[in-house]
Structure formats: structure tokens, C-alpha cells
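Okay, so here's the structure we're looking at.
Residue numbers (our numbering): 9 to 335.
Structure representation (C-alpha cells):
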């Protein structure tokens, strides 16, 4: 069986690639520089937190899984809708991810951000810090450190499969249906937004998939025949997804909006075009919008100096919010 095409280069080609200058001043856009095992720099390190802003939600547990929950100010006195917020590799404890979740809460959504990685945090994840004008020696040291880090990220990423991650999400969603039954009922189901790694998970939750271990289900009697389950979300919005394969689009049923980055090696034109064609041919409501001059990962909260990136951030959020509101 042929290997499914993934929207990234092979790790060995990434390691051999020579880094090039960014087209965005002071940043590394998706179309330049090496990726780390299928993840971009913005997938594994946070930009500085927006000035004067901090998380407003709370840490708790659902289904035995650590989650960050952000609620509208007038909940439960006013009706809300449940939104499952799936992050990039920086995960649950990233303040930028939490702030981004808070933004949806301010728009009336009860947001649940789960620890998808289940106490297996990304190696070396930290707030993004960039040294200006490093010396040649420092550049060599940083290159060596990045090579070692890339290997660790490859190993970490190999563990984050649908077989591991989807059961965690099902536990959280099942518990949320009980804990926040009013929000689920008010929205007619669960909504989801996914960024980077979380984008692929949102795509998978939007589909009808075989009830097998590969798609995060329990071990079944193989002689019982193939049973399909899903979709698990009412609608979803996905920003700069990573690691998406052609197969991931199969069985998609729920309406989906995609925030894409121009020339993104982590969500290639070929994968994007295939996905859009497949969804439309199968009468799945979808929207694809491509943003130029922005780095992969731009849609998550973070401080950028370039006003064009800031404007694109706001536009992408509005696109995702409008899609959820329309469904």
C-alpha cells in the first residue's frame, strides 16, 4: 500500500534544507526555513504574549483529562454554545492558546481546551524569544541545538497519532456533554476550532470514520464487520493545519472552514486543492481562504510587529467566527 501523502516534506529533506531569509521582517514565514518533523517554528514556540493581555479562564478536568475552560461573562444566565478548542504542539499551558480560547468565549462560546498530549509535553516548548544579530559562534551553536531539538520533536510527534489523541478527545467530549449539557443542546452539538496539529484533529472529528483503533476507537471483533462512526462535531474551523493526508478528508460530513497560508509547506497547495475538490465533490459545505505574507501559525494570539500580520490575525479570527455563527 502506498504511503499517504502528508502536507510536509520528509524530515531528512527538512534537515538538509538551507535556511533562507524571511519575506516577513523579523519573522520566519511558512514558505522559508526548515520545518521540524512536520511542524513549523510557530507550532512549537509561542510568540510573545500580547501586551497587557492574560488568560481569563480556569484549569479543571473533564473525563479525567486536564482542560482549560473559558466561559462567556454572562454564562449560565445567557445561553452559550460549546466549542472544542484544539491547539498546536505548544498545548494546554500556552498562554497564547488560552488567550485565543478566551477570544471565542467573549463571542459567546463556552470553550474547552483539552490537554491532547496527555502529560507528554512537546520537548523544549517555551515562549518564543529571538536574539537579534547573534554572532557567528552563537549561530553555529543555535543550529546544532535546533538539529538535536528537531530529532526530539520527530520522536515526540511520532507518538501523537489519532490512535492516541482521539480517545482523549472523546473522553473530554463525553464528559462535556454532561457537564455543559445546556451549551451542547443550545448549539445543537459541539463545535470545534483547530490550529496547526489541532487542525488535523478537527478535520478527523468532522468525518465519519471506520470504528477501528486506527481512528481512535476501542478494539473490536474483526469478524463483526466494518462499522463507521461520526461525525462528532456540528461544524469546524481550521487554521494552518499540519500533518494532513489525503485520507483524512475521506468521510468528512460536517461543514468546515479553512484558514490557509500561501506557499505553506506544512499544508501544501496539492493537499489543499485535493481537500477542497474532495469536499465539494461530496457536497460537504466548505470554505478555503488563503492569506499571503504571513507565517504558518499566525492565527494564534501572539505579538507581531508587522501591522499586516496583525490585520491578517484579526481577519482570520473573524472568518472562523463567522463560519461558526453561520452553522
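Here a beta-carbon is modelled for each residue, glycine too, at the ideal position from N, C-alpha and C.
Bridge pairing for residue 122: 75 [DSSP]. In terms of Cβ geometry, residue 94 and residue 123 do not form a close pair [threshold 7 Å].
For residue 175, the three-state secondary structure derived from DSSP is helix. Contact between residue 118 and residue 92 does not hold, since the beta-carbon distance rounds to 10 Å and is not under 8 Å. The C-beta distance from residue 310 to residue 114 rounds to 18 Å, too long to meet the 8 Å contact threshold. Between residue 216 and residue 283, the C-beta spacing is not below 7 Å. Shown here for residue 239: same chain residues with a beta carbon closer than 7 Å to its own, the five before and five after excluded, namely 213, 214, 215, 216, 261 and 262 in chain order. In this structure, residue 96 lies near residue 204, with their beta-carbon atoms less than 7 Å apart. Residue 213 carries a helical assignment under DSSP once its states are collapsed to helix, strand and coil. Taking each of 174, 237 and 72 in turn and checking the Cα distance to residue 219, the smallest one comes out for 237. In this structure, the beta-carbon distance from residue 301 to residue 316 falls below 7 Å.
Around the CB of residue 333, fewer than 16 other CB atoms lie within 10 Å, so the residue is classed as exposed. Scanning 74, 87, 79 and 80 for the CA closest to the CA of residue 193 turns up 87. Annotated as proximal: residue 184 and residue 70, with beta-carbon spacing under 7 Å. Between residue 265 and residue 295, the CB-CB gap stays under 7 Å. Your pair residue 331 and residue 245 checks out as a contact, with CB atoms roughly 5 Å apart and the cut at 8 Å. Taking residue 201 as the centre and dropping the five residues before and after it, the same chain places the C-beta of 91, 92, 93, 94, 112, 210, 244, 245, 246, 247, 328 and 332 closer than 8 Å to its C-beta, in chain order. If you look at residue 296, you'll find it isn't in any alpha helix (DSSP H); it sits in the beta strand (DSSP E) that goes 294–299. Proximity to residue 182 across 120, 80, 276 and 281 peaks at 120, based on C-alpha coordinates. Taken atom to atom, the span from the alpha-carbon of residue 173 to that of residue 206 is near 10 Å. Contact check for residue 256 and residue 208: beta-carbon distance about 6 Å, within the 8 Å limit, so the pair qualifies. For residue 93, DSSP records a beta bridge to 201. Secondary structure of residue 100 (DSSP, three-state): coil. The continuous stretches of beta strand (DSSP E) do not include residue 251, and DSSP gives it neither H nor E.
The alpha-carbon separation between residue 131 and residue 158 amounts to approximately 9 Å. Inclusion of residue 105 and residue 57 in the CB contact set at 7 Å is not warranted, their separation being larger than that value. Residue range 264–269 is occupied by the beta strand (DSSP E) that includes residue 265, with no alpha helix (DSSP H) assigned at that position.
Restricting attention to 164, 195, 287 and 107, the CA atom closest to the CA of residue 254 is found in 287.
When the Cα atoms are used, residue 190 and residue 160 turn out to be separated by approximately 42 Å.
By the neighbour-count definition (other C-beta atoms within 10 Å, threshold 16), residue 98 is a buried residue. Nearest C-alpha to residue 251 among 188, 85 and 275: 275.
At a Cβ-Cβ threshold of 7 Å, residue 66 and residue 77 count as neighbours. Annotation for residue 79: 65, 88, 113, 118 and 119 place their beta carbon closer than 8 Å to its own, counting only its chain and skipping 5 residues before and after.
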